[in-house]
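2 protein chains.
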Amino acid sequence: MEHRISDLLKKHGLRSTTMREEVLRTFFAANKRALDHPELERRLPHADRITLYRTLKTFAEKGLIHEVVDGGLATKYALCPDSCTEHQHHDEHAHFHCQDCGKTICLEATATATVQVPTGFRVKQTHLVVEGSCDECF
Amino acid sequence: MEHRISDLLKKHGLRSTTMREEVLRTFFAANKRALDHPELERRLPHADRITLYRTLKTFAEKGLIHEVVDGGLATKYALCPDSCTEHQHHDEHAHFHCQDCGKTICLEATATATVQVPTGFRVKQTHLVVEGSCDECF
DNA sequence: AGGATAATGCAACAATATTGCAAATGAAAA
DNA sequence: TTTTCATTTGCAATATTGTTGCATTATCCT
Chain A
0 MEHRISDLLK KHGLRSTTMR EEVLRTFFAA NKRALDHPEL ERRLPHADRI
50 TLYRTLKTFA EKGLIHEVVD GGLATKYALC PDSCTEHQHH DEHAHFHCQD
100 CGKTICLEAT ATATVQVPTG FRVKQTHLVV EGSCDECF
Chain B
0 MEHRISDLLK KHGLRSTTMR EEVLRTFFAA NKRALDHPEL ERRLPHADRI
50 TLYRTLKTFA EKGLIHEVVD GGLATKYALC PDSCTEHQHH DEHAHFHCQD
100 CGKTICLEAT ATATVQVPTG FRVKQTHLVV EGSCDECF
C-alpha cells in the first residue's frame, strides 16, 4: 500500500513526501467522497494549512485529483481515475451533492448529457451535478 | 423601463429601493450573463458591499435571481425566468462557463441529462455546467 | 403626513485563499 | 556514503469572500 502511494506520486512526476503521501492516503480512505479543505484539516490535524493548499493545487495540476463543483463555499476535490495524467483529464462522471449533510460523491455510472450551445461556442467538458438526499439522509 | 423594474420588485413582495433597482437593472443589462460580487461592485461603485450581499440573498430567496455554480471562487447569480417565484423556482436550464475569459451565461435550450444514482439516493434537481470557450475567445 | 416595519450603512469578525521567503527535505550525482 | 541542488515546507503577512449586530434611514400603508 505504501508503495502504491509513493509510486503513484512518482508516476505523476511528483516527489514523495510525508505530506503528500498522507493527503493521498486520506483521499483513498474517503472512498469516492469529495473532500474540502476543512475536512482535510480535521483528518490531518498536524498538517500545515498553506502546504495543504499547495498540495491540492499540485495534485490537481498533475491529474491525481480533480476539483468538484457542488456549490459549497470551500472547493472540494476528489480522486481521479487511474487514467488521468497531467495532460489528459477525463472526469466525465457526474457528482452527487446531498442537500442535507453536504456530502458530495463521484457517481460511477457515466452520465449522458446533451446540450446545445450558441454559434461560435466550443464545448470542452460538461459537468453534471445532481442535488438531492443521500441514503443516510433518507 | 423604470416602471418595469419597480413593478417586478413589488410582484415578488419586495420594497422598491434605489439599491435594489440598480442591482436589478445591472442584471437586465448583463443580458443572460451571470454576475459575481466583484463584477457587481465594479458596475455599482458607490454601492455598499454588505448591502449588496444582502440584496443578492434576498433576490435569490424571492425568485428574482438564481445562484449559478460554475466552479469560480465567488458565487455567481443570474436573472431567473419571469415564471419563478419565491415558492417555485424552475431554473432547469444549463450554464456555459468560458475557461478563457471566465464569463458564465445561461443557455436557453433545455438540456437533457440522465444519470443513475445509487440505491437509496433521491434526486431533487440536476445542474449541467458546460465548460469551453465562448464566441469572443474563439 | 405619521407610524410601523423593512432596508441600509458601518464596524467588527469569520472563513477561504494566495504570495514571499528562509529553512528543511528528497533524489540524484559524485 | 556524502555532497549537491532544486523542490518542498512552514511561517508571516495579506488578500478575497462572506456573515452578524446594531443604530440610522427610507419605504409604504393608512
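Same order as they appear, the protein sequences are chains A and B. One point on numbering: in numbering that gives the first Met the number 0, the residue at position 130 of the first sequence is 129, and numbering is uninterrupted. One point on numbering: in numbering that gives the first Met the number 0, the residue at position 113 of the second sequence is 112, and numbering is uninterrupted. Ideal Cβ positions, reconstructed from N, Cα and C, are used throughout, including at glycine.
| query | result |
| --- | --- |
| Is B/Leu106 close to chain A, meaning its C-beta is less than 9 Å from at least one C-beta of that chain? | yes |
| State the DSSP-derived secondary structure class of B/Asp6, mapped to helix, strand or coil. | helix |
| Would B/Asp69 pass as an interface residue toward chain A - the criterion being a Cβ-Cβ separation below 9 Å? | yes |
| One question on the structure: do A/His86 and B/Glu130 come within less than 9 Å of each other, judged by their Cβ atoms? | no |
| Grab me the residues of B/Val67's own chain with a C-beta within less than 7 Å of its C-beta, minus the 5 sequence neighbours each way, in chain order. | Ala33, Lys75, Tyr76, Ala77, His94, Thr103 |
| Considering only the alpha carbon of each residue, which of A/Val114, A/His65, A/Glu60 lies closest to A/Cys79? | A/His65 |
| Counting beta carbon pairs with one atom in the stretch 40-52 of chain A and one in the stretch 10-27 of chain A, are three or more of them shorter than 8 Å? | yes |
| Look up B/Ala59 in the DSSP assignment and say whether it is helix, strand or coil. | helix |
| Within the continuous alpha helix (DSSP H) that includes B/Phe26, where are the two ends? | 17-29 |
| Around the Cβ of B/His2, are there at least 16 other Cβ atoms within 10 angstroms (buried) or fewer (exposed)? | exposed |
| Here's the rule: buried if 16 or more other CB atoms are within 10 angstroms of the residue's CB, otherwise exposed. What is A/Thr118? | exposed |
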